[in-house]
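Start counting the sequence shown at 0; every next residue gets the next number (numbering that gives the first Met the number 0).
Okay, structure first, notes after.
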Amino acid sequence: MEEDIDRLIEDDKTKFQVAWLLSRFVLLPALYPYTNWWNSTEYFGIENLKKLKGKSFILCMNHTASFDIWGGFQVGFKILDHFLSKEYYLCGLGANNRIGSGLIKRFAINAGVLPVDRSKGIEQYALQEAVRILNLEEQKVACLVYPEGTRSKSGLLATDYKAGAGYIQAMTDVAVLPVYQIGYNQLPARNQKIEVHIGEALYFDEYQEKKNSPTSWIAITNKIMDVLYQMEDKLITGAKEKRQELIKKPLFLPKKVVDEDFTDFTKEFLNPMIAFEIRKKSPRFKLLKESDKRDVDMEIINIQNPKYLGSKKFQDCFGLKYSYIVSGLPAYSHGSGMLQNLWSNGLLGFFNLDGLTFLEKEESLTMLNQFDFSYGVEIHLDDFDESEDEKLISLLIEKQVKYLMVKSCSKVSKSLLRYKKESKGLLLAKVSHPDQCLRLSEGSDLVFNAFLIDGGFVSNQDTRSILSLMPAIKSLLKKKDIFLGIIGDLGTPESIAAAFSMGADFVSTSSINLLSNDISASTTFKESIKKVRFQDVSLVASSFNFESGVKIRSLNFGTRFLVVSSKLSGWFFEKKCVDTLSEDERFFLEKKVFGISIDQIIVDAKDFFSDRTPSLVQASIGNPRLSLALIIRYYLEKSYLWALEGDETKKIDFSIRCGLDLASFNQWRKGTIFEKDENLSVVQIALNLLMGAQFQFRKQFLLAQGFELEKDYEYTPKIISLE
0 MEEDIDRLIE DDKTKFQVAW LLSRFVLLPA LYPYTNWWNS TEYFGIENLK
50 KLKGKSFILC MNHTASFDIW GGFQVGFKIL DHFLSKEYYL CGLGANNRIG
100 SGLIKRFAIN AGVLPVDRSK GIEQYALQEA VRILNLEEQK VACLVYPEGT
150 RSKSGLLATD YKAGAGYIQA MTDVAVLPVY QIGYNQLPAR NQKIEVHIGE
200 ALYFDEYQEK KNSPTSWIAI TNKIMDVLYQ MEDKLITGAK EKRQELIKKP
250 LFLPKKVVDE DFTDFTKEFL NPMIAFEIRK KSPRFKLLKE SDKRDVDMEI
300 INIQNPKYLG SKKFQDCFGL KYSYIVSGLP AYSHGSGMLQ NLWSNGLLGF
350 FNLDGLTFLE KEESLTMLNQ FDFSYGVEIH LDDFDESEDE KLISLLIEKQ
400 VKYLMVKSCS KVSKSLLRYK KESKGLLLAK VSHPDQCLRL SEGSDLVFNA
450 FLIDGGFVSN QDTRSILSLM PAIKSLLKKK DIFLGIIGDL GTPESIAAAF
500 SMGADFVSTS SINLLSNDIS ASTTFKESIK KVRFQDVSLV ASSFNFESGV
550 KIRSLNFGTR FLVVSSKLSG WFFEKKCVDT LSEDERFFLE KKVFGISIDQ
600 IIVDAKDFFS DRTPSLVQAS IGNPRLSLAL IIRYYLEKSY LWALEGDETK
650 KIDFSIRCGL DLASFNQWRK GTIFEKDENL SVVQIALNLL MGAQFQFRKQ
700 FLLAQGFELE KDYEYTPKII SLE
């Protein structure tokens with residue numbers, strides 16, 4: 000390829016003379032009898048050609064067959080006839096792999112063909128050579144370019160094309176001569192009538208100011224094609240309607256890009272009608288017709304199935320179609336329906352056992368096992384009593400839980416080793432620090448299959464940004480066969496795309512799913528989260544490990560929970576205990592918050608945690624300080640349950656846990672179909688976020704290539720068919 004180009008630019012004068020001799024004394028004698036004696040050729044618009052005498056120009060023609068390249072030469076011969084033959088050099092772009100080999104290839108190149116190396120997917124050398132030749136002052140050049148790039152098998156102009164013609168025109172500022180030829184797709188044959196229609200020359204001076212912008216190249220090519228479309232519509236009866244029928248056909252993409260069983264929405268999204276509009280923003284957009292089922296390289300703006308986001312190995316390991324899971328939802332808020340919908344659509348949902356009694360955990364898992372779908376379970380390990388862990392792990396093994404996510408895990412315990420050995424399940428750990436990842440991945444036999452990095456985790460030490468955590472953890476574990484996911488603040492397609500851009504194998508959404516109609520919660524709870532803005536979310540003490548300074552996010556409007564939780568946890572950090580509370584503090588606790596005596600509060604708290612976290616109850620016996628901690632945990636946990644259940648008598652103390660992802664999701668869904676409750680399901684949310692993330696990748700790629708896109712070139716939620 001490069002040697003051919005070197006030969007092309009060795010000596011322009013010699014090259015032009017050789018090309019003239021070959022075209023005049025070899026091609027013309029060979030073609031003239033064929034096109035004028037065996038068949039008849041009629042020319043229309045010769046006067047438009049004569050107007051370009053003495054000027055270099057670009058010849059843009061329709062391309063329906065291999066033979067129609069001779070039509071370009073015939074127009075060239077007309078140029079030779081009318082424009083003193085030796086003045087003009089006729090050249091054109093041709094596919095390197097179709098020029099031929101040996102003598103034929105040398106003949107074609109010496110006759111003026113500028114080879115395009117399709118194996119590399121670029122036309123860089125040929126385009127640059129065409130621009131160089133057209134800019135020569137001492138030589139007049141007619142450069143033949145097919146905007147379609149390849150032959151149209153329908154006999155009509157293709158609806159997809161490349162911006163090579165626009166690029167050459169912008170860089171040379173020469174005229175473009177549109178030509179529409181009829182009959183060449185019937186060859187080889189005899190007694191065929193061939194027509195060559197030559198349109199008026201086109202000029203694009205208005206784009207010279209931004210000639211280096213890809214958007215200018217695209218705009219010029221669009222205008223050239225619009226003229227060719229108009230010529231076709233005038234010359235071919237019903238051409239416009241036939242063309243519309245062609246672009247309404249479903250877009251075929253290689254099986255490696257889109258599965259045949261993908262959703263109807265994706266087929267609609269990939270429809271050539273939509274791509275026909277997108278092509279205006281890309282010089283390399285490629286459409287494949289149903290009849291063109293060969294394995295081809297997709298172009299730079301290919302619209303892909305979002306299952307290619309993330310890690311294919313993760314999907315295969317977990318049996319999923321997409322690298323997307325749903326976790327962090329309260330156990331009381333969802334049931335089998337949501338988990339089943341997720342699994343049937345190639346997604347995975349985790350059932351959160353936190354806050355349930357052991358009996359409730361057992362009943363929930365028994366109920367879920369009645370259905371034919373897979374689900375994950377999310378648990379907290381007991382920091383105080385490993386026997387409780389053993390009891391829970393035994394239950395999970397008995398119920399054959401395949402996917403287990405462990406939160407606040409600081410070490411690989413015996414119970415986790417037992418689960419891994421006996422259940423053969425897949426283990427995930429929610430992590431928030433590089434050192435934690437190192438501890439959990441020690442040894443040659445890995446216990447955990449995946450780490451879910453929590454970008455929203457807050458401790459008494461710091462608030463760790465996922466932008467720093469992900470690269471650090473990824474670097475530490477680069478030699479470990481562990482999948483890395485991201486959770487926290489993922490509420491828009493942009494944030495999902497950002498997570499995958501950092502190398503996440505999978506992502507997990509949490510609080511945005513509280514808006515879905517799969518979640519059961521009180522009206523007050525639902526109405527509150529619909530209004531969440533960024534300023535409405537604050538950090539509050541965590542009900543599970545507030546003693547360590549861990550915080551979670553919660554709404555700060557409409558209730559006094561933020562004030563009360565801060566006050567109560569403050570007492571604990573001030574080294575207070577039940578016995579050392581002042582009269583005002585006891586009054587606040589007994590009269591303002593619970594409405595019962597402290598003794599009764601302790602009794603109720605012990606009763607609540609006795610079958611949830613019995614180690615806490617045991618530790619608090621005879622320990623006034625831990626009794627206060629038990630009361631605080633009781634308030635933090637009950638306030639959330641009051642909100643979920645809608646206990647109006649406790650409305651002032653409602654705790655509505657949610658993250659900043661919910662605020663960004665609410666902002667994104669404004670003015671879209673997601674404003675209606677009936678359109679919100681965890682599956683619709685998931686697929687739209689993934690489709691939007693894929694869209695965002697394409698958009699950013701175009702911008703990085705220098706394209707100028709409209710400000711409203713954004714993805715908006717759509718109802719995706721789940722058939």
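Even glycine gets a Cβ: it sits at the ideal position worked out from N, Cα and C.
Note that the coordinates shown come from a computational prediction; the quantities given were computed from them, not determined experimentally.
Contacts around residue i, its chain only, beta-carbon distance under 6 angstroms, and the 5 residues preceding and following it disregarded
{"i": "Lys429", "result": "Lys406, Leu451 and Asp453"}
{"i": "Pro177", "result": "Cys59, Gly198, Val226 and Leu227"}
{"i": "Asn665", "result": "Val531"}
{"i": "Leu513", "result": "Ile528"}
{"i": "Asn448", "result": "Leu425 and Leu426"}
{"i": "Lys390", "result": "none"}
{"i": "Ile600", "result": "Phe593 and Ile630"}
{"i": "Asp723", "result": "Shown here, the chain extends from 0 to 722; a query on residue 723 therefore has no answer."}
{"i": "Lys320", "result": "Lys306 and Gly345"}
Proximity to residue i [Cα-Cα], best of the options
{"i": "Glu199", "options": "His379, Asp583, Glu205 and Gln229", "result": "Gln229"}
{"i": "Ala604", "options": "Arg131, His379 and Ser542", "result": "Ser542"}
{"i": "Gly163", "options": "Val175, Leu155, Ser153 and Lys152", "result": "Val175"}
{"i": "Gly594", "options": "Thr648, Ala471, Thr220 and Phe203", "result": "Thr648"}
{"i": "Asn687", "options": "Ile193, Pro492, Leu538 and Val592", "result": "Pro492"}
{"i": "Asn555", "options": "Tyr321, Leu514, Leu308 and Lys530", "result": "Lys530"}
{"i": "Gly336", "options": "Ser680, Ile718 and Gly645", "result": "Ser680"}
{"i": "Lys49", "options": "Ala141, Ser39, Ile518 and Leu415", "result": "Ala141"}
{"i": "Ser521", "options": "Tyr639, Pro613 and Asp371", "result": "Tyr639"}
{"i": "Thr171", "options": "Ser581, Leu319, Arg131 and Ile378", "result": "Arg131"}
{"i": "Asp535", "options": "Gln599, Ser654 and Leu319", "result": "Ser654"}
{"i": "Ile378", "options": "Pro329, Lys423, Ala685 and Leu347", "result": "Pro329"}
{"i": "Ser547", "options": "Phe572, Val562, Ser553 and Thr523", "result": "Phe572"}
{"i": "Ser215", "options": "Lys241, Ile167, Asp444 and Cys316", "result": "Ile167"}
{"i": "Glu359", "options": "Lys420, Gly442, Leu394 and Ser509", "result": "Leu394"}
{"i": "Gly53", "options": "Asp711, Val173, Ser414 and Leu439", "result": "Val173"}
{"i": "Gly354", "options": "Leu380, Leu155 and Asp371", "result": "Leu380"}
{"i": "Ser614", "options": "Lys152, Lys637, Glu385 and Leu126", "result": "Glu385"}
Burial state of residue i (16 or more Cβ within 10 Å)
{"i": "Arg585", "result": "exposed"}
{"i": "Leu629", "result": "buried"}
{"i": "Met404", "result": "buried"}
{"i": "Ile719", "result": "buried"}
{"i": "Ala703", "result": "exposed"}
{"i": "Tyr202", "result": "exposed"}
{"i": "Thr265", "result": "In this prediction, Thr265 has a pLDDT of 36, which is less than 50 and means its spatial position is unreliable; nothing more can be read from the coordinates."}
{"i": "Glu41", "result": "exposed"}
Sequence-distant residues of its chain with Cβ nearer than 7 angstroms to residue i (five each side left out)
{"i": "Ile651", "result": "Thr558 and Arg559"}
{"i": "Met533", "result": "It should be noted that the sequence gives Phe, not Met, for residue 533. Cβ within range, chain order: Leu659 and Ala662."}
{"i": "Ile738", "result": "Any property of residue 738 remains undetermined from this structure, which presents the chain solely from 0 to 722."}
{"i": "Ser568", "result": "Ala540, Phe545 and Ile631"}
{"i": "Ser609", "result": "Val616"}
{"i": "Phe505", "result": "Gly309, Ser310, Phe313, Ser322, Tyr323, Ile324, Phe482 and Gly484"}
{"i": "Asp606", "result": "none"}
{"i": "Leu625", "result": "Ala618 and Ser619"}
{"i": "Thr715", "result": "Thr671"}
{"i": "Gly182", "result": "Gln191, Lys192, Ile193 and Glu194"}
{"i": "Leu419", "result": "According to the sequence shown, residue 419 is Lys rather than Leu. The residues are Leu426 and Val446."}
{"i": "Lys210", "result": "Ala169 and Met170"}
Beta bridge counterpart(s) of residue i as assigned by DSSP
{"i": "Ala129", "result": "DSSP output for Ala129 lists no bridge partner at all."}
{"i": "Val539", "result": "Ile551"}
{"i": "Met404", "result": "Glu377 and Leu427"}
{"i": "Pro177", "result": "Cys59"}
{"i": "His196", "result": "Phe43 and Tyr179"}
{"i": "Gly728", "result": "The question about residue 728 has no answer, for the chain in this structure spans 0 to 722."}
{"i": "Glu450", "result": "At residue 450 the sequence reads Phe, which differs from the Glu that was named. Beta-bridge pairing links Phe450 to Ala428 and Leu483."}
{"i": "Val592", "result": "DSSP, once it has assigned bridges, lists no residue as partnering Val592."}
{"i": "Thr508", "result": "Val325"}
{"i": "Leu201", "result": "Val175"}
{"i": "Arg532", "result": "Paired residue(s): none; Arg532 is not in a bridge."}
For residue j and residue i, believed in contact at Cβ under 8 angstroms, the rounded distance
{"i": "His62", "j": "Tyr145", "result": "4 angstroms"}
{"i": "Gly490", "j": "Ile511", "result": "5 angstroms"}
{"i": "Lys139", "j": "Ser212", "result": "Rounded, the Cβ-Cβ distance is 28 angstroms, inconsistent with contact."}
Within-9 angstroms CB hit, residue i to chain C
{"i": "Met224", "result": "In summary, chain C is missing from the structure at hand, where a single protein chain is found."}
Sequence-distant residues of its chain with Cβ nearer than 8 angstroms to residue i (five each side left out)
{"i": "Pro623", "result": "Cys576, Val577, Asp578 and Thr579"}
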